[in-house]
Amino acid sequence: MDDRTGVFSFGAQAPGSAAARPAEIESSISRAREALLARQQDDGHFVFELEADATIPAEYVLFRHFLGDPAEPELERKIAVYLRRRQSAAGGWPLFAEGDFNISASVKAYFALKMIGDEPDAPHMKRARDAILAHGGAAQSNVFTRALLALFGEVPWRAVPVMPVEIMLLPRWFPFHLTKVSYWARTVIAPLAVVNALKPPAANPRGVGIAELFVVPPEEVKRWPSAPQQRFPFTMLFDLIDRGLRAAEPHMPKGLRRKAIARAEAFVIERLNGEDGLGAIYPAMAYSALMLHAMGAKPDDPRLSMIRRGIDRLLVVKDEEAYCQPCVSPVWDTALAAHALMEAEGHGVEGKRSAPARRALDWLKPLQVLDVKGDWAAQAHELRPGGWPFQYANPHYPDLDDTAVVAMAMDRADGDAFGEPISRAREWILGLQSRNGGFAAFDANNDRDYLNYIPFADHGALLDPPTADVAARCVSLLAQMGERPQTSPALEKALRYLEREQEAEGSWFGRWGMNYIYGTWSVLCAFNALGLPKDHAPTRKAADWLKRVQNLDGGWGEDGTSYKLDYAGFQPAPSTASQTAWALLALMAAGEVDSPEVAAGVAFLARTQGEDGFWEERRYTATGFPRVFYLRYHGYPKFFPLWALSRYRNLKSGNAARTPFGM
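Each residue of the sequence shown is one higher than the one before, starting from 2 at the first, in my numbering.
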């Protein structure tokens with residue numbers, strides 16, 4: 002095991018990680034701060050690239066060809082360069098940097114490259130084809146990929162589980178209802194159900210197909226794959242339901258189908274969200290366009306044109322390559338950058354006076370959703386709106402994580418000036434606490450596990466249940482505002498939830514960041530904000546775990562393999578700047594600022610900082626859906642290391658063991 006991935010032994014000094022001198026740390030902070038400020042927009046906000054795997058840019062190419070309107074040749078050329086660069090040496094495409102082969106990503110990337118014009122006999126295409134065939138061929142792709150292939154006529158529609166559009170008419174008490182699945186699921190299901198019902202043919206002006214990617218001709222395939230997380234007897238039950246629906250679908254009353262399509266259309270149109278798009282996420286935006294196209298909308302239809310402009314706004318076009326983002330992250334980036342800047346400018350009054358952070362928070366203030374009761378209201382009818390979305394605009398879908406992080410930054414900067422936004426955020430968050438004491442990202446009690454067994458849900462992410470990382474963020478906000486479990490039943494319930502969720506090894510699962518390092522950082526910050534003693538047993542167990550999993554170079558690292566279903570303990574990965582920063586912030590929250598492990602981690606960050614003031618981080622450290630979809634936030638190595646180094650300096654110079662803030 003090399004020194005990038007070796008586990009740092011407890012209490013030892015990491016090789017080559019001599020403690021950084023105060024002057025070196027101050028220099029690192031200064032350079033990182035100036036580099037971050039140079040990226041602040043004129044209006045005060047921050048936004049960095051948000052990169053997924055090859056599937057989104059590949060889908061963008063196929064989307065354009067489906068509509069019969071391929072992108073400009075130069076744009077397609079640049080996307081092809083990007084897709085080729087992301088191909089692994091083994092021939093296929095992974096879901097994250099240095100990850101394993103993924104059949105669905107590989108099929109889409111191959112299809113897109115062939116659509117752009119790459120010859121099937123080109124060496125990289127042959128390697129991709131061989132890898133796909135070695136893994137069972139395109140028939141082994143997931144449901145969403147097979148739905149795309151069905152639209153292009155590459156597989157029969159029986160390859161796609163039945164999701165009849167009539168589900169739009171089901172009553173709330175029925176076991177399946179849109180309010181019972183996650184926001185990202187409902188914004189895709191509604192338009193996709195219409196597309197699947199109408200089955201519009203792809204224009205495909207170049208007539209490209211991928212028959213060569215099938216081991217068995219698709220019309221001869223008798224059984225399509227299910228997801229590894231789906232287990233008997235639910236698989237048998239839902240398979241029988243799928244067969245019944247498939248037999249019944251051709252006989253659905255036409256009037257009922259028209260009514261269901263109209264209901265789906267109304268759902269989508271109400272939430273179109275201007276050029277920010279349905280749900281402000283690429284898949285929902287693309288399917289909303291395909292829905293309108295299937296219903297007969299002409300290319301110049303204002304709604305269709307607006308959606309397509311919004312999709313094009315997700316493109317990142319550089320000198321030699323281009324890709325499409327799954328969404329944008331300005332609220333998240335801006336709030337986290339504000340925290341880092343306040344930390345960089347001082348532990349006390351100086352940090353509060355940070356003019357750049359104040360400009361960022363002033364930009365965030367009007368983005369709070371105060372006038373729209375979004376889908377979350379299905380579980381909390383009387384609750385007033387008060388959350389922030391992740392994107393520039395997404396009023397039906399604000400999230401608790403962004404809201405807590407924004408409100409904590411405002412409280413830290415000037416609780417009096419931002420009193421009303423903070424109060425509304427607190428009220429909204431408390432109103433969406435789930436029955437088990439935890440908090441989810443977008444909804445309360447979105448935890449009907451049986452729904453993840455329906456054939457359509459092979460990604461295993463149909464739901465938005467409470468998670469430790471989001472719950473911890475909400476607890477951190479409430480605690481930073483002075484609330485304590487002794488006087489707040491909601492906070493007491495949330496604390497017990499977090500304690501129950503701790504893994505046997507001492508960590509916490511990270512749903513939205515990768516993974517146990519992220520979850521543990523989130524929870525230890527919450528415990529610190531609550532003022533729990535340093536000898537609090539879960540805190541000590543978590544701190545000891547973080548020390549055990551430190552790499553020999555002084556940093557910390559973890560990748561997407563940590564989400565595997567048979568996870569049996571931490572597996573080391575090369576150190577990254579953002580994950581090292583999370584581990585340091587977590588240990589300092591646990592009162593470990595003077596530990597040798599913290600000194601080694603600080604030295605790692607000081608040593609690996611780039612000449613531009615930032616840290617290079619090509620590995621993925623965030624999560625869209627575990628085991629299915631991962632994210633690389635280009636902002637993470639720009640503000641998290643700055644935050645951690647500044648926290649270390651502030652605690653050491655102030656002779657303090659812990660920070661008073663929730664993050």
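Yeah, the Cβ is synthetic: ideal placement off N, Cα and C, and Gly gets one too.
Please read all numbers here as calculations on a predicted model, not as lab measurements.
- Would residue 175 be called buried (16 or more neighbouring beta carbons within 10 Å of its own) or exposed? Label assigned to residue 175: exposed.
- Task: Apply the 10 Å Cβ neighbour rule to residue 144 and answer buried if 16 or more other Cβ atoms are within range, or exposed otherwise.
- Result: Flag for residue 144 reads buried.
- Backbone CA spacing between residue 11 and residue 484 [nearest angstrom]: Any reading at residue 11 must be qualified, since the residue scores a pLDDT of 33, below 50, and its modelled position is unreliable; the value itself is stated next. Taking the Cα positions, residue 11 is about 35 angstroms away from residue 484.
- Identity of the residue in 158, 189, 155 and 157 nearest residue 169 by Cα: When only C-alpha atoms are compared, the closest one is 189.
- Message: According to DSSP, is residue 1 part of a helix, a strand, or is it coil?
- Response: Nothing can be reported for residue 1: it is not among the residues displayed for the chain, which extend from 2 to 664.
- Tell me the start and end of each unbroken alpha helix (DSSP H) in the segment 564-596 that is at least 4 residues and wholly inside, in chain order. Runs of the alpha helix (DSSP H) inside the segment 564-596: 578-590.
- residue 623 - containing beta strand (DSSP E), residue span: Note, residue 623: beta strand (DSSP E), 623-626.
- Query: From which residue to which residue does the beta strand (DSSP E) around residue 325 run?
  - Reply: That run of the beta strand (DSSP E) goes 323-325.
- Can you say whether residue 44 is buried or exposed, counting buried as having 16 or more other CB atoms within 10 angstroms of its CB? So residue 44 ends up on the exposed side.
- Query: What span of residues does the alpha helix (DSSP H) with residue 406 cover, start to end?
  - Reply: Membership of residue 406 in the alpha helix (DSSP H) is indicated by the continuous run 401-415.
- Near residue 91, what residues of its chain come up, given a Cβ to Cβ distance below 7 angstroms and the 5 sequence neighbours on each side ignored? Excluding residues within five positions, the ones whose Cβ falls inside 7 angstroms are 102 and 132.
- Query: For residue 33, which residues of its own chain have a beta-carbon under 6 angstroms away from its beta-carbon, when the five flanking residues on both sides are left out?
  - Reply: Counting only Cβ-Cβ distances below 6 angstroms, and skipping sequence neighbours, we find 614 and 643.
- Any idea what DSSP makes of residue 174, helix, strand or coil? Reduced to three states, the DSSP call for residue 174 is coil.
- Message: Pop quiz: residue 389 and residue 332 are said to be a contact at Cβ under 8 angstroms. What is the actual Cβ separation, rounded to whole angstroms?
- Response: Rounded, the Cβ-Cβ distance is 5 angstroms, consistent with contact.
- Task: Alpha carbon to alpha carbon, how far is residue 561 from residue 64? Give it in angstroms, no decimals.
- Result: One Cα belongs to residue 64, the other to residue 561, and the distance between them is close to 28 angstroms.
- Task: Would you tell me roughly how many angstroms separate the C-alpha atoms of residue 432 and residue 441, rounded to the nearest one?
- Result: Going from the Cα of residue 432 to the Cα of residue 441 covers about 12 angstroms.
- Query: How would you label residue 611, buried or exposed, when you count the other beta carbons within 10 angstroms and need 16 or more for buried?
  - Reply: Looking at its Cβ environment, which holds fewer than 16 other Cβ atoms inside 10 Å, residue 611 is exposed.
- Can you name, in chain order, every residue of its own chain whose Cβ lies under 7 angstroms from the Cβ of residue 295, other than the five neighbours on each side? Contacts found: 195, 196, 199 and 201.
- Query: Is it a yes or a no for the segment 19-37 touching the segment 648-660, going by three-plus beta-carbon pairs under 8 angstroms?
  - Reply: Yes, they touch.
- Message: Going by DSSP in three states, residue 73 sits in which element: helix, strand or coil?
- Response: DSSP, read as helix, strand or coil, puts residue 73 in coil.
- Message: When you compare the segment 277-293 with the segment 319-329, are there three or more beta-carbon pairs, one atom per stretch, that lie closer than 8 angstroms?
- Response: Output reads yes: the segment 319-329 touches the segment 277-293.
- Item | Supposed close pair residue 523, residue 473 - CB separation, criterion 8 angstroms | Right, the Cβ-Cβ distance comes to about 4 angstroms (below 8 angstroms), so this counts as a contact.
- Query: Does DSSP put residue 388 in a helix, in a strand, or in coil?
  - Reply: In the three-state DSSP reduction, residue 388 falls in the strand class (E or B).
- Task: Would you tell me roughly how many angstroms separate the C-alpha atoms of residue 51 and residue 585, rounded to the nearest one?
- Result: Looking at the backbone, the Cα of residue 51 and that of residue 585 are separated by about 24 angstroms.
- Message: Can you list, in chain order, the residues of its chain with a C-beta nearer than 6 angstroms to that of residue 13? Leave out the 5 residues immediately preceding and following it.
- Response: Unreliable placement is indicated for residue 13, whose pLDDT of 40 sits below 50; no coordinate value is reported for it.
- Message: For residue 53 and residue 104, what's the separation of their Cα atoms in angstroms?
- Response: Cα to Cα, residue 53 sits roughly 16 angstroms from residue 104.
- Cβ pair count under 8 angstroms reaching 3, the segment 483-498 against the segment 625-635: Contact between the segment 483-498 and the segment 625-635 is absent, because fewer than three Cβ pairs lie under 8 angstroms.
- Task: Identify which residue in 148, 409 and 392 has its Cα closest to the Cα of residue 275.
- Result: Among 148, 409 and 392, the Cα nearest to that of residue 275 is on 392.
- Contact belief for residue 361 with residue 46 at Cβ below 8 angstroms, rounded distance in angstroms: The pair is a contact, with the Cβ atoms about 6 angstroms apart (cut-off 8 angstroms).
- Segment limits, beta strand (DSSP E) that includes residue 630: Unbroken beta strand (DSSP E) run through residue 630: 630-634.
- Item | Backbone CA spacing between residue 559 and residue 112 [nearest angstrom] | Residue 559 and residue 112 have their C-alpha atoms roughly 31 angstroms apart.
- Item | Burial state of residue 397, where buried means 16 or more other Cβ atoms lie within 10 Å | Looking at its Cβ environment, which holds 16 or more other Cβ atoms inside 10 Å, residue 397 is buried.
- Message: Suppose only complete runs of 4+ residues qualify. What are the alpha helix (DSSP H) ranges in the segment 259-344, listed by chain order?
- Response: Within the segment 259-344, the runs of alpha helix (DSSP H) that reach at least 4 residues and sit entirely inside it are, in chain order, 283-295 and 303-313.
- Message: By the three-class DSSP mapping on this structure, what secondary structure does residue 420 have?
- Response: Note: residue 420 maps to helix in three-state DSSP.
- Message: Suppose only complete runs of 4+ residues qualify. What are the alpha helix (DSSP H) ranges in the segment 475-558, listed by chain order?
- Response: If you keep only unbroken alpha helix (DSSP H) runs of at least 4 residues inside the segment 475-558, you get 490-502, 517-530 and 538-549.
- Expressed to the nearest angstrom, what Euclidean distance is found between the alpha-carbon atoms of residue 262 and residue 254? Roughly 12 angstroms separates the two Cα atoms.
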